[in-house]
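One structure is given below, encoded as structure tokens.
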Amino acid sequence: YLKRDEKYNRLTEEHVNYFKSILPKENVICSFDDSEKELLKFNVDWMKKYRGQSQLVLLPTCTEEVSKCLKYCNDNKLAVVPQSGNSGLVGGSVPVFDEIIISTKAMNKIIDFDDMSGVLICNAGCVLADLEAYASERGFMIPLDMGSKKYCCIGGNVSSNAGGLRYLRYGSLHSNVLGLEVVLPNGQIIENLSRLRKDSTGYDIKQLFIGAEGTLGIVTNVAISTPRKPKAINAVLLSTNSWENVQVIYKKAKEELQEIISAFEFFDEHAYSLVKKHMNMTAPLKQANEFYILIETHGSNREHDDAKLNAFLDTIKKLNVVQEGYVSKDDKQTRSFWVMRESVPVACSMNGAVFKYDLSIPMATLYNVAVDMRKRLMEANVYRPGDETSEVFNVAAYGHIGDGNIHLNISCKNYSKKITDLIEPYIYEWTQEHNGVISGEHGLGLMKGAYLGYSKSSVMIDIMQNIKNLLDPNNIMNPYKYLPKKMITKLSD
Ligand code: S2G
Ligand code: ZN
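Take 18 as the starting number for the sequence shown in the UniProt record's numbering and just add one per residue.
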């Protein structure tokens, strides 16, 4: 349904020669030089669900080169897709048509770290796992952790306002990012790599770029506040047989573990059945149940934390809301609990084509979206649990209960309009009716931009559009996505 907007010029030899004159030769990958194969990995997303036809990938090595590239594209009306680790899930990081890809992958240096304040300054192309290793060696940790840590990059994490597995304790990138360096489409460089925790001197401009998904400019450097690594980490894996129990366990965890709780994650039986099937991962759980919960605590004193944890476990045992419960014996087992949780989306992807939904919904009805979605797909006779011939194999639910953020992964034989039309816009209407928003952490990208009206008012969308017009008047930054021309209007303003 999308057509290439012909206001954007097409790539010419002259354009390519300009980029070759300012970038190292190997940092210009162009179809004119028979680099189709190399171009492919930049044109296709992690899930192989979205694919562009970019003829040119630029890998600038510094902010100045980003500025020159962007200014040239802006002056010559060449559309651009900024790309970092390309691990996004909503088609935000790959072209729709032949947009030029400007990748930050060649900018992957750590610039500075202050072990008093814990402020780390690094290039946007630094891989999250590398930053975690660097911080950990120095007794600190990155306040962001995700299953994709080995290939996602901090520039993309910031641009998609990633949430991840530490959010409950360490909060949002909107508070952990202290400063950014950003290049605007006109080549202007916003130098705001602040090291300061507190700053009340005017509008907080950097916040605009956190979660802007490359639609306003390119993040080139990040200043992030890193907390000290906890001296004591505990992890608990529980199973329970009702959503009511899950809520009781969450409430007690918040009451009894208060300042040391660092994660409260869940996955349901549908998700766990895929982890068993594809990854053969079950230990130490012995029997199937409805819900599985992973709780982690971070503290500074092992003895104190163990005492708090034991008090919490006694409380939930007395309430008889848990069927199985295991406290990790050591770091290795703690890691194995996390691998089980992080394997859920991987197992879903191994189960067929996955329709992924990432919703923030108030806790009391958070899980109802999975129940109602299964009911809808069963009524349409495309989902018959246990019947391998049904088009929809599985509707898995998992995510970050502590953040009110659920992931639904609907796995099918293949992507089809029939299944898409059964799910959308139903799932967005459902979310709006339950006072939720249609993206908790994965962003809008190409997948959800048109549905923004289900989560933000037209007044707010108009303001977003005005900000977009101010910073990217030629609309060359990541076009067709996030704030598309054609909004699918929501039920009522
Ligand atoms: C999670 C990871 C991304 C995905 O596991 O919390 O956000 O594939 C997801 O859903
Ligand atoms: Zn998540």
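Yeah, the Cβ is synthetic: ideal placement off N, Cα and C, and Gly gets one too. Keep in mind the model is a prediction, meaning the values are calculated, not measured.
Shortest alpha-carbon distance to D51 belongs to which of E154, I312 and Q72? Distances from the alpha-carbon of D51 to those of E154, I312 and Q72 put Q72 closest.
Compute the beta-carbon to beta-carbon distance between C86 and I119, rounded to the nearest angstrom, for a pair I have assumed lies under 8 angstroms. The beta-carbon distance between C86 and I119, rounded to whole angstroms, is 6 angstroms. This is short enough to meet the 8 angstroms contact definition.
Quick check: the Cα distance between E446 and S345, rounded to an integer number of angstroms? Using only the alpha carbons, I get a separation of about 40 angstroms.
Indicate, with yes or no, if the ligand ZN has a heavy atom lying under 7 angstroms from the CB of E458. E458 Cβ: within cutoff of the ligand ZN.
Pick from R212, L330 and I222 that is closest to I206, judged by C-alpha positions: Relative to the Cα of I206, the nearest Cα in the group R212, L330 and I222 belongs to I222.
Pairwise C-alpha distance: N193 and K54: Distance between the alpha carbons of K54 and N193 is about 38 angstroms.
So, does the CB of K215 fall closer than 8 angstroms to a CB anywhere in chain D? The question asks about chain D, but that chain is absent: this structure has only one protein chain.
Hey, is the segment 472–491 in contact with the segment 433–440, meaning 3+ C-beta pairs nearer than 8 angstroms? Segments in contact, no.
P362: buried (16+ other C-beta within 10 angstroms of its C-beta) or exposed? A buried status is given to P362, since no fewer than 16 other beta-carbon atoms sit within 10 Å of its beta-carbon.
Among H315, D129, V97 and L255, which has the Cα closest to the Cα of A300? Cα-wise, what sits closest to A300 is L255.
State the beta-bridge partners of K373 as determined by DSSP. Paired residues: N426.
I need the DSSP call for Q482, collapsed to helix, strand or coil. In the three-state reduction of the DSSP assignment, Q482 falls in the helix class, which pools H, G and I.
May I have the straight-line CA-CA distance separating E116 from D489, to the nearest angstrom? Rounded to whole angstroms, E116 to D489 spans 15 angstroms at the Cα level.
Can you tell me whether S377 is buried or exposed, with buried defined as 16 or more other CB within 10 angstroms of its CB? Buried.
In its own chain, which residues sit with a C-beta less than 7 angstroms from the C-beta of S279, not counting the 5 before and 5 after it? Cβ neighbours of S279 within its own chain (closer than 7 angstroms, five residues either side excluded): R183, L185, R186, E313, T314 and H315.
Taking T448 as the reference, give the member of Y415, K215, Y384 and D22 with the closest Cα. For the residues Y415, K215, Y384 and D22, the minimum Cα distance to T448 belongs to Y384.
Please check the pair N26 and F59, which I expect to be a contact at CB under 8 angstroms, by giving their CB distance rounded to whole angstroms. At roughly 20 angstroms, the Cβ-Cβ gap does not stay under 8 angstroms, so N26 and F59 are not in contact.
To the nearest angstrom, how far is the alpha carbon of E405 from that of N411? Taking the CA atoms as reference points, E405 sits about 10 angstroms from N411.
Exposed or buried, P379, counting other C-beta atoms within 10 Å across all chains shown (16 or more means buried)? Looking at its Cβ environment, which holds fewer than 16 other Cβ atoms inside 10 Å, P379 is exposed.
Considering Cα atoms alone, identify which of V175, N258, E320 and M124 is closest to E458. Of the candidates V175, N258, E320 and M124, the one whose C-alpha sits nearest the C-alpha of E458 is V175.
Any heavy atom of the ligand S2G inside 7 angstroms of the beta-carbon of H295? No; taking the cut-off as 7 angstroms, the Cβ of H295 has no heavy atom of the ligand S2G nearer than that.
By DSSP's criteria, N193 is part of a beta bridge. Which residues make up the other side? Looking at the DSSP output, N193 sits in no beta bridge, so it has no partner there.
Classification of P202 by the beta-carbon crowding that lies within 10 angstroms, buried from 16 upward: Looking at its Cβ environment, which holds 16 or more other Cβ atoms inside 10 Å, P202 is buried.
Is the beta carbon of N238 less than 8 angstroms from the beta carbon of E198? Against a cut-off of 8 angstroms, the Cβ pair of E198 and N238 comes out as a contact.
Residues that L137 bridges to, as DSSP identifies them: According to DSSP, L137 shares a beta bridge with F130 and I241.
At which residues does the beta strand (DSSP E) containing D115 begin and terminate? Note, D115: premise wrong, no beta strand (DSSP E); not H, not E.
By how many angstroms is the C-alpha of F281 removed from the C-alpha of M163? About 14 angstroms.
In the DSSP assignment, find the alpha helix (DSSP H) that holds C86 and state where it starts and stops. Going by DSSP, C86 is part of the alpha helix (DSSP H) stretching over T80 to D92.
Just reading off the alpha helix (DSSP H) that I207 is part of, what are its end residues? Residue range I206 to N209 is occupied by the beta strand (DSSP E) that includes I207, with no alpha helix (DSSP H) assigned at that position.
Between the Cα of E359 and the Cα atoms of K335, R401, V292 and E396, which residue gives the shortest distance? From the listed residues K335, R401, V292 and E396, the smallest Cα separation to E359 is found for V292.
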